[in-house]
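Visitor: Pasting a structure below so you can have a look.
Numbering (this note's numbering), first residue to last: 67 to 606.
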């Protein structure tokens, strides 16, 4: 690779742009001139080409985590080929730093047409398919001495860290702490945190390129691949239950549990169809997939022996779309106590450091945390851990408010690193917000991790958050969406003679006694009348 080129880099996701920038700089020996999500380039090819000309870019590279598995494969390669530059290539960072040239524009255009036809046939098959809703009688096929959980993770390559990974890895660790073994089926390399929570991993075969023409066609096709891999793995690790997180366009868990004749535990954080309708998907084609997704969600909740809903509001959402109320169990999020040691004393320092972690989601309230700095002394700083599509909007907001120099943005880091950063903060904030007529259905994983870290917590008085925390005992509660209220809560903690140490101790004690993943796993197994007292198996 010519280090004298002016490079532009396309990424597979808007997440982790700073990390991609660092990786590219190490490869090319210089910072790339432009870093852009490939999906943005696809949506606005004319603007993408104009930006490359404006920045006098001479070479474009797509950085891929796994070229054999990524969605939009042909579309992205065509966008790279359309770049008005001399050098165009793809780099698969999972295999090598080799820069592989892309095909010609003409060949890729033809390939797009063929792949679109393949994806279209897949979608048509799903549209005309009919489901059998009635769940079959269940039987336990696993070994009673060393039972297995068969877990499914379909978001490999898209989600590497965050609440979803912590939730699934946490509950699977909980099963293992109760003596169960866990076999994981995934559609790509699992996140490290999830890999460490299981005993065996089976990776489904890559999908044909045409099936990956767009993300939704890949999600539909993944159901078949995941089912084939799971049935093969079940021959070696016969499960007593199947565990799946509710995901858009997924029906694999329901089909696998039916074929094996074992219970399905469906992790239910909310209806993804509801989230898409209210937050994301508006285009006509998206509405088509919404219709398929709604059918699949009904299939999943009706097939599950236990719908493990994270809150009462989430449970109501499941019953509204067809879940049998007698099969719905509220299983709130929790914390893996093993990975959070006793907190160390903080060094004496001027001011204070506030900590927050999240993916900059719609209801995470990071904007409230940023705005609260306007109502706090200049020596109070904010550490924002994580990444997400709305992060750049938050950066611009901070600069507009004049508090950008008081914020540290860590970007996407590992779970262990995130906990370490948060443990060195004086106060941890959870300023969740909610708009709309429906009740807040969340159960923030960060809340329980904050408690276990033993630092004082300032959080929104919002549905389950306000129920889990006691104002003045385990946290300070504030009004949702009110930056002044959040600032007053932080000030209240910092004015305490112990700067909130007793609040932190109380919260940690309660988290370790009442809110561990081992307790949550035991709750699920008890609901299924499955044993919870096996001697713990040795972890590999």
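The beta-carbon is built from N, C-alpha and C at its ideal position, and this holds for glycine as well.
In this text the structure is predicted, and so the values were computed from the model without any measurement.
1. Near residue 515, what residues of its chain come up, given a Cβ to Cβ distance below 6 Å and the 5 sequence neighbours on each side ignored?
2. At the level of alpha carbons, what is the spacing between residue 383 and residue 598?
3. Taking 8 Å as the cut-off, does the region 142-162 touch the region 298-317 (at least 3 CB pairs, one atom from each stretch)?
4. Indicate whether residue 263 and residue 238 have their beta-carbon atoms separated by less than 8 Å.
5. Given 8 Å as the limit, is there contact between the region 308-317 and the region 330-342, that is, 3 or more CB pairs closer than that?
6. One question on the structure: do residue 254 and residue 135 come within less than 8 Å of each other, judged by their Cβ atoms?
7. Look at the Cβ atom of residue 88, then the Cβ atom of residue 101, and state whether they are nearer than 8 Å.
8. Report the CB separation of residue 376 from residue 393 in whole angstroms; it is logged as a contact under 8 Å.
9. Need the endpoints of the alpha helix (DSSP H) that residue 540 sits in, please.
10. If you drop the 5 nearest sequence neighbours on each side, which residues of the same chain put their C-beta closer than 6 Å to that of residue 553?
11. Determine the DSSP secondary structure at residue 290, reduced to helix, strand or coil.
12. Residue 585 to residue 447, Cα distance in whole Å?
13. Using the beta-carbon count (16 or more within 10 Å), is residue 563 buried or exposed?
14. Out of 379, 412, 387, state which residue places its alpha-carbon closest to the alpha-carbon of residue 396.
15. So, with DSSP's three-state summary, where would you put residue 177?
16. My output table needs one value for residue 375: the three-state DSSP class, helix, strand or coil.
17. Check the C-beta distance from residue 140 over to residue 174 and give it rounded, since I have them as a contact under 8 Å.
18. Tell me whether residue 62 is buried or exposed, calling it buried when 16 or more other Cβ atoms sit within 10 Å of its Cβ.
19. Who are the Cβ neighbours of residue 588 in its own chain at under 7 Å, not counting the five residues just before and after it?
20. Any idea if residue 344 is buried or exposed, counting beta-carbon neighbours within 10 angstroms, 16 or more meaning buried?
21. Kindly indicate the opening and closing residues of the alpha helix (DSSP H) around residue 458.
22. What three-state label does DSSP hand residue 71 in the structure shown?
23. Just to check, is the beta-carbon of residue 100 closer than 7 Å to a non-hydrogen atom of the ligand GTP?
24. On the CB-based measure, 16 or more other CB atoms within 10 Å of its CB, does residue 171 come out buried or exposed?
25. Give the secondary structure of residue 153 by DSSP, where H, G and I count as helix, E and B as strand, and everything else as coil.
26. Pick from 408, 411, 360: whose alpha carbon is nearest that of residue 386?
27. Under 6 Å Cβ to Cβ from residue 511, same chain only, skipping five residues before and after it: list those, please.
28. DSSP has residue 102 in a bridge; who is on the other side?
29. Please classify residue 113: does DSSP put it in a helix, a strand, or coil?
30. Can you tell me where the beta strand (DSSP E) with residue 580 in it begins and where it stops?
31. Who pairs with residue 420 in a beta bridge, going by DSSP?
32. For the pair the region 479-496 and the region 462-469, tell me if three or more CB-CB distances fall below 8 Å.
33. Quick one: what does DSSP say residue 350 is sitting in, helix, strand or coil?
34. For residue 300, tell me which candidate among 326, 316, 286 has the shortest Cα-Cα distance.
35. Pop quiz: residue 452 and residue 423 are said to be a contact at Cβ under 8 Å. What is the actual Cβ separation, rounded to whole angstroms?
36. Under a Cβ-count criterion, where at least 16 other Cβ atoms within 10 Å of its own Cβ denotes burial, should residue 618 be classed as buried or exposed?
Guide: If we stick to the structure as given:
1. Only 401 meet the Cβ criterion.
2. The alpha-carbon atoms of residue 383 and residue 598 are separated by roughly 29 Å.
3. Verdict: no, contact absent.
4. One thing to note: residue 263 has its Cβ within 8 Å of the Cβ of residue 238.
5. Between the region 308-317 and the region 330-342, the count of C-beta pairs closer than 8 Å reaches three or more; the two stretches touch.
6. Yes.
7. Against a cut-off of 8 Å, the Cβ pair of residue 101 and residue 88 comes out as no contact.
8. So it is not a contact: roughly 16 Å between Cβ atoms.
9. DSSP places residue 540 in no alpha helix (DSSP H); its state is neither H nor E.
10. Correct list, in chain order: 438, 441, 442.
11. Taken through DSSP and simplified to helix, strand or coil, residue 290 comes out as helix.
12. Straight-line spacing of the CA atoms in residue 585 and residue 447 works out to 36 Å.
13. Residue 563 is exposed by the Cβ-count criterion.
14. The shortest Cα separation from residue 396 among 379, 412, 387 belongs to 379.
15. In the three-state reduction of the DSSP assignment, residue 177 falls in the helix class, which pools H, G and I.
16. Strand.
17. Right, the Cβ-Cβ distance comes to about 6 Å (below 8 Å), so this counts as a contact.
18. Missing from the structure shown is residue 62; the chain here goes from 67 to 606 and no further.
19. Only 244, 598 meet the Cβ criterion.
20. It counts as exposed.
21. Here the alpha helix (DSSP H) through residue 458 covers 457-467.
22. Looking at residue 71 - three-state DSSP - the assignment turns out to be coil, as it is neither helix nor strand.
23. In terms of ligand content, the structure shown is empty, and the ligand GTP therefore cannot be addressed.
24. Per the 10 Å Cβ criterion, exposed.
25. Residue 153: strand per DSSP, three-state reduction.
26. The option with the nearest alpha carbon to residue 386 is 360.
27. The residues are 229, 232, 233, 399.
28. DSSP output for residue 102 lists 76 as bridge partner(s).
29. Correct three-state label for residue 113: helix.
30. In the DSSP annotation of this structure, residue 580 is not part of any beta strand (DSSP E); the continuous alpha helix (DSSP H) holding it starts and ends at 567-580.
31. Its beta-bridge partners are 448, 493.
32. Counting Cβ pairs under 8 Å, fewer than three are found: no touch.
33. DSSP, read as helix, strand or coil, puts residue 350 in helix.
34. Here the closest residue by C-alpha is 326.
35. Their Cβ separation, rounded to whole angstroms, is 5 Å, which keeps residue 452 and residue 423 in contact under 8 Å.
36. With the chain covering only 67 through 606, there is no way to say anything about residue 618.
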